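This note's numbering runs 931 ahead of the 1-based position in the sequence shown. Where is the CB? At the ideal position from N, CA and C, for every residue including glycine. Keep in mind that this is a model prediction, so the values were computed, not measured. Some notes on the structure that comes next.
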Amino acid sequence: MTQLNFNLHPQLEADSITIGDFPLSRLLLINDSNYPWFVLVPRQSDISEIYQLSEQDQIQLTQESAFLSKQISELYDADKINIAALGNMVPQLHIHHIVRFTNDSSWPHPIWGRAPAKPYNDKQLSETLALLKRITSNLPA
């Protein structure tokens, strides 16, 4: 499943805050307070596509994604959860989970390129991390 020599891509490292680990994936919070924006990164080296994972790990990733989606949808009372695996700029397999609201600054369009990233200030980050304890305390084993 996971590998000891896993390294997070430098761009993901620069853009995010580590929240915790699922059995397969690392859970990240993107440092952009415009949207509650999370990323799952399977902790495996040299994987850029879902089909490169073993069948068991593909199922595990799907379960982790569904669990995360449900948790953040309920936590934030989302209107929609956008899920995407683009990888055009960062080849390492990573799955975006973005909480969307009909009144957010980009609705109904995709978020990419719509508004400059607005990093969390200390108070926002502290409050967000406190909210996320509900997710991390329920991570599936």
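Cβ-Cβ distance between residue i and residue j below 8 Å
i	j	result
residue 996	residue 978	no
residue 1026	residue 955	no
residue 925	residue 939	Shown here, the chain extends from 932 to 1072; a query on residue 925 therefore has no answer.
residue 1011	residue 1031	yes
residue 936	residue 946	no
Exposure of residue i, with buried meaning 16 or more beta-carbon neighbours within 10 Å
i	result
residue 1040	exposed
residue 973	buried
residue 975	buried
residue 1053	exposed
residue 1038	exposed
residue 1043	exposed
residue 990	exposed
CA nearest to the CA of residue i, picked from the options
i	options	result
residue 966	1056, 1065, 1064	1056
residue 1016	953, 1062, 992	992
residue 1063	1042, 1005, 1045	1005
residue 1035	946, 987, 1007	1007
residue 1060	984, 936, 968	968
residue 1065	1009, 1033, 1003	1003
residue 1018	986, 980, 1009	980
residue 1058	986, 944, 964	964
8 Å Cβ shell around residue i - same chain, five flanking residues per side excluded
i	result
residue 1020	942
residue 1028	968, 969, 970, 971, 996, 999, 1000, 1003, 1012, 1013, 1014
residue 988	932, 955, 973, 975
residue 982	989
Own chain partners of residue i with C-beta closer than 6 Å, once the 5 adjacent residues on each side are dropped
i	result
residue 1045	1037
So does the segment 1017-1031 actually touch the segment 1046-1061, counting three or more Cβ pairs closer than 8 Å? Touching, no.
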